[in-house]
Amino acid sequence: MGKRISTKDKIIRVLKEQGTLTMDAIMENFAISETAVRKQLHTLVQEGFIEVQQHKKEIGRPYHTYSLTEQSQVRFPNRYKELSLDLLHDLEELQGNQLISDLLKKQSTKEKEQLKKYLDKYSTTEEKIAALKDLQNKSGYMFQVENKGRGGFHLNNFHCPFLEVAKDYPVMCQHEKEMYEALFPNQEIKTKSLLVDGEKCCQWRIAATSE
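For the sequence shown, UniProt numbering gives the first residue as 1, with consecutive numbering after it.
Printed below as a string of structure tokens:
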């Protein structure tokens with residue numbers, strides 16, 4: 001007997017296969033009550049996986065259509081990580097480790113420039129760190145900030161979207177530290193722990209002076 005699919009997953013699957021649909025069209029795929037489907041549909045909208053559009057009619061009440069957002073792709077199996085890692089391995093085999101190091105450095109520099117442009121609007125270190133945390137969390141990380149007093153902070157990251165790549169190419173971790181040094185030039189940056197070493201989080205100490 002196959003595994004029973006949840007109502008939320010079925011809604012996602014229906015919209016994936018059939019595209020933008022009205023509520024009536026969605027309900028053609030369900031035997032349960034419309035109230036139960038609407039409840040799960042509303043949750044998916046709140047979670048950012050489905051978007052709703054209202055359409056006006058010349059006569060009568062407007063109607064709504066539902067479609068998947070780009071964010072919904074995370075609910076489908078993919079092999080992006082495997083493909084990226086395989087490509088890096090193949091490039092390393094063909095061109096050598098220096099090319100990989102240069103590619104990862106270039107990517108880090110691009111990210112640094114984008115973050116710096118965003119953080120420059122903030123004046124204090126505390127504001128910049130809070131903004132950095134919010135921005136990185138939107139990009140798939142899981143950052144938390146600890147205020148250690150005396151102008152010092154611990155920046156903790158509990159999830160790295162590039163962990164599997166970093167395990168094979170730990171120079172990425174060094175590039176990240178260098179990026180924080182560039183973003184906070186008046187602060188001392190010290191790496192305290194790393195996910196690639198099996199620790200529970202990547203942690204960087206950001207301090208105005210040596211402790």
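For glycine and all other residues, C-beta sits at the position ideal for the given N, C-alpha and C.
Measuring CA to CA, which of Lys121, Ser84, Leu119, Cys202 is closest to His159? Cys202
Using a 10 Å radius around the Cβ and a threshold of 16 neighbouring Cβ atoms, would you call Ile11 buried or exposed? buried
N- and C-terminal bounds of the alpha helix (DSSP H) containing Lys136: According to the sequence shown, residue 136 is Gln rather than Lys. Run containing Gln136: 125-138, per the alpha helix (DSSP H) assignment.
How many angstroms separate the CA atom of Thr124 from the CA atom of Asn157? 21 Å
What residue from Gly96, Glu51, Glu176, Phe162 has the CA that sits closest to Ser84's CA? Phe162
Whole-angstrom C-beta distance between Lys16 and Leu44, which should lie under 8 Å: Leu44 to Lys16, Cβ: 12 Å. No contact.
Would you report the Cα separation of Arg205 and His175, rounded to the nearest angstrom? 16 Å
Taking the alpha carbon of Lys148 as the reference point, which residue from Ile32, Lys177, Ala208, Thr65 has its own alpha carbon closest? Ala208
What residues in its chain sit with their C-beta under 6 Å from that of Gly2, if we drop five residues either side in the sequence? Note on Gly2: pLDDT 48, under 50, position unreliable in the model; no value is reported.
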